[in-house]
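Numbering (our numbering), first residue to last: 2 to 433. In this text, a Cβ means the ideal position worked out from N, Cα and C, and glycines have one as well. First comes the structure, then the notes that go with it.
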Amino acid sequence: MSGLALFGGEPAASAPPPRYRSMGPAEMQAVREVMESDCLSGFYGSPGPEFMGGPKVQAFEDAWRRHYGVRHAISVNSATSGLVAAVGAAGVSPGDEVIVPPWTMSATAIAPISYGGIPVFADVEDETFCLDPNMVRAEITPRTKAIIAVNLFGHPARLAELRALADANGLTLIEDNAQAPLGAEHGRPTGTIGHIGVFSLNYHKHIHTGEGGMCVTDDDRLAERLALIRNHGENAVEGLPVDELTNTFGFNLRLSELAAAIGIAQLADIDRHVGRRERLAQTLSEGTGDLAGWRVPRPRAGCRHNYYVWMVRYDARQTGVSRATFSRALAAEGFPHATGYVRPLYLLRLFRERKAMGRDGFPFTLSNRTYGPGLCPVAERLHEREALLFEPCAYDLDDAGIARLVAAVRKVHGARAELAGWERRQGGAADA
Ligand SMILES: Cc1ncc(COP(=O)(O)O)c(C=O)c1O
């Protein structure tokens with residue numbers, strides 16, 4: 002007998018791993034300084050020097066601009082806000098199509114709807130889980146206005162190829178870089194290869210400010226539009242040399258001085274925060290990469306993967322055990338993980354029933370596109386049958402802690418024949 006914890010044996014990793022803590026003395030000091038200044042936000046939503054925010058917001062944007070080598074960094078209060086602003090800045094009009102991947106956090110596909118845009122789903126690649134440029138190409142129509150590529154789980158989409166495709170078709174490429182703060186494709190930082198890159202600084206990310214985000218661009222006009230949309234732009238267009246009015250009405254998407262001050266400290270230490278997660282994921286890959294039916298992440302040549310998520314492609318045909326049973330045994334050993342990521346977004350009711358805004362279902366009233374099962378078979382297979390996820394960002398693990406997780410996987414994998422027998426006696430596999 003294997004001594005599997007599922008059957009009453011000793012777990013390989015008994016205690017849950019401690020949570021990763023990223024707030025240190027520098028962040029404490031930064032917050033104290035803002036509190037002492039008594040200026041918690043420097044923004045005014047009207048023309049004047051305060052339109053671009055207070056001293057910490059501007060210092061944070063300066064630091065971000067230098068770090069990523071871009072002309073403009075515009076902070077926002079979340080990546081969701083950043084995506085909305087990016088879609089607006091791209092000039093998306095009601096009925097315009099925006100190509101997005103289906104396997105991502107919902108904000109990627111909802112942002113276009115905020116301007117009446119129609120999300121069009123293109124399938125992802127098998128290996129990287131990011132947009133497949135061939136699928137994107139097949140979806141481009143005269144109504145297409147933009148592409149949102151997601152650098153999913155910390156791995157770059159085929160960004161140079163997507164940028165060339167966007168440029169050739171007069172489209173704006175927006176990078177949803179929420180999960181890949183230090184990702185790179187052939188030495189170029191993710192977030193800076195599209196026309197606009199959007200970063201997330203929410204609590205779950207490699208570096209964070211509680212809630213927050215950043216948009217970057219090298220395009221002066223897009224930068225101006227992003228800044229207007231962030232801050233009640235309708236009040237400011239009179240005083241600014243903005244060339245047209247489309248989508249320049251604004252919201253309050255502003256970052257506070259407290260969050261910006263924390264962000265400055267987090268950015269100064271970004272190499273350590275990201276590096277720790279990368280090492281954790283790489284050690285898991287090295288320790289389990291030889292197992293049959295257990296395909297660890299394989300970054301594409303020339304790419305840096307930040308491992309927001311370490312995703313294994315599980316193959317039940319090779320292990321002989323369903324993903325559900327393997328996962329149960331793994332959880333019992335103390336390996337925190339999930340099966341599947343999010344259901345492909347086109348399966349959300351909002352898409353299936355084509356109802357986003359108002360009683361009639363605007364903006365879908367402007368389009369014949371329909372949504373339902375089968376639209377993106379790769380994403381569906383990955384989600385329903387193969388994905389097994391671990392979140393390196395959530396935990397603080399030393400070498401011994403990582404070794405226990407590796408041992409947990411190897412123990413369950415080594416007992417797969419026993420698990421298969423148990424599964425048969427239970428009446429068969431719980432999933433494919
Ligand atoms: C791919 C992706 N896009 C967008 C978002 C939205 O980020 P935020 O919570 O900062 O709005 C997230 C958040 O998890 C994400 O993972």
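Problem set entry | Three-state class that DSSP yields for Trp311 in the structure shown | Looking at Trp311 - three-state DSSP - the assignment turns out to be strand.
Exercise. Do Ile263 and Thr218 have their C-beta atoms closer together than 8 Å?
Worked result: Contact flag unset, no.
For this session: Spell out a yes or no on whether the stretch 389-408 and the stretch 334-343 are touching, meaning 3 or more CB-CB pairs, one atom from each, closer than 8 Å.
Result: Taking one beta carbon from each stretch, the stretch 389-408 and the stretch 334-343 have 3 or more pairs nearer than 8 Å; the two touch.
For this session: Run the proximity test for Thr109: is its beta-carbon closer than 7 Å to any non-hydrogen atom belonging to ligand 1?
Result: Inclusion of Thr109 in the 7 Å shell around ligand 1 follows from its C-beta lying nearer than that to a non-hydrogen atom of the ligand.
Exercise. Is the beta carbon of Phe327 sitting closer than 8 Å to the one on Gly117?
Worked result: Between Phe327 and Gly117, the C-beta spacing is not below 8 Å.
Problem set entry | Unbroken alpha helix (DSSP H) run spanning Ser286, endpoints | Unbroken alpha helix (DSSP H) run through Ser286: 271-289.
Exercise. Just checking, does the stretch 117-132 make contact with the stretch 93-103 on the three C-beta pairs under 8 Å criterion?
Worked result: Per the Cβ contact rule, the stretch 117-132 is in contact with the stretch 93-103 (3 or more Cβ pairs under 8 Å).
For this session: With a threshold of 16 other CB atoms inside 10 Å of the CB of His205, please say whether the residue is buried or exposed.
Result: With fewer than 16 other Cβ atoms within 10 Å, it is exposed.
Exercise. Of all the options Glu162, His156, Asp168, which has the alpha carbon lying nearest to the alpha carbon of Ala147?
Worked result: When the alpha-carbon of Ala147 is set against those of Glu162, His156, Asp168, the nearest one is in Asp168.
For this session: Could you name the residues of the same chain whose beta carbon sits closer than 8 Å to that of Ser107, not counting the 5 residues immediately before and after it, in chain order?
Result: So the qualifying residues of the chain are Val343, Leu346, Leu349.
For this session: Check whether the Cβ of Thr81 sits closer than 7 Å to any heavy atom of ligand 3, and report yes or no.
Result: Summarising the ligand content, the structure contains ligand 1 and does not contain ligand 3.
For this session: Return the chain-ordered list of same chain residues with a C-beta closer than 6 Å to the C-beta of Glu62, the five sequence neighbours on each side being excluded.
Result: Leaving aside the five residues that flank Glu62 on each side, the residues in its chain whose CB is nearer than 6 Å to its CB run, in chain order, Ala74, Ser76.
Problem set entry | Extent of the continuous alpha helix (DSSP H) run through Glu387 | Element bounds for Glu387: n/a, residue is neither H nor E.
For this session: Return yes when the C-beta of Gly89 is under 7 Å from any heavy atom of ligand 1, and no when it is not.
Result: No, since every heavy atom of ligand 1 falls outside the 7 Å radius drawn around the Cβ of Gly89.
Problem set entry | Coarse secondary structure for Gly422, derived from DSSP in three states | Three-state DSSP puts Gly422 in a helix.
Problem set entry | Boundaries (first-last residue) of the alpha helix (DSSP H) holding Val35 | For Val35, the uninterrupted alpha helix (DSSP H) segment begins and ends at 26-38.
Exercise. Ordered along the chain, which non-local residues of its own chain (more than five positions away) have a Cβ less than 8 Å from that of Pro12?
Worked result: If we look at Pro12 and ignore the five residues flanking it on each side, its Cβ neighbours are Ala6, Ala333, Glu334, Gly335, Ala409.
Problem set entry | Leu160 versus Arg425 - alpha carbon distance | Rounded to the nearest angstrom, the two C-alpha atoms are 45 Å apart.
Problem set entry | Secondary structure of Ser42, DSSP reduced to three states | Ser42 falls in the coil class under three-state DSSP.
Exercise. Taking just the CA atoms, how far does Val413 sit from Arg318?
Worked result: Between Arg318 and Val413, the C-alpha separation is close to 16 Å.
Exercise. Sorted by chain position, which residues of the same chain lie with C-beta nearer than 7 Å to Ala31's C-beta, five sequence neighbours on each side aside?
Worked result: So the qualifying residues of the chain are Ala262, Ile263, Ile265, Ala266.
For this session: Could you give the DSSP three-state label for Asn78: helix, strand or coil?
Result: Assigned with DSSP and collapsed to three states, Asn78 falls in coil, not helix or strand.
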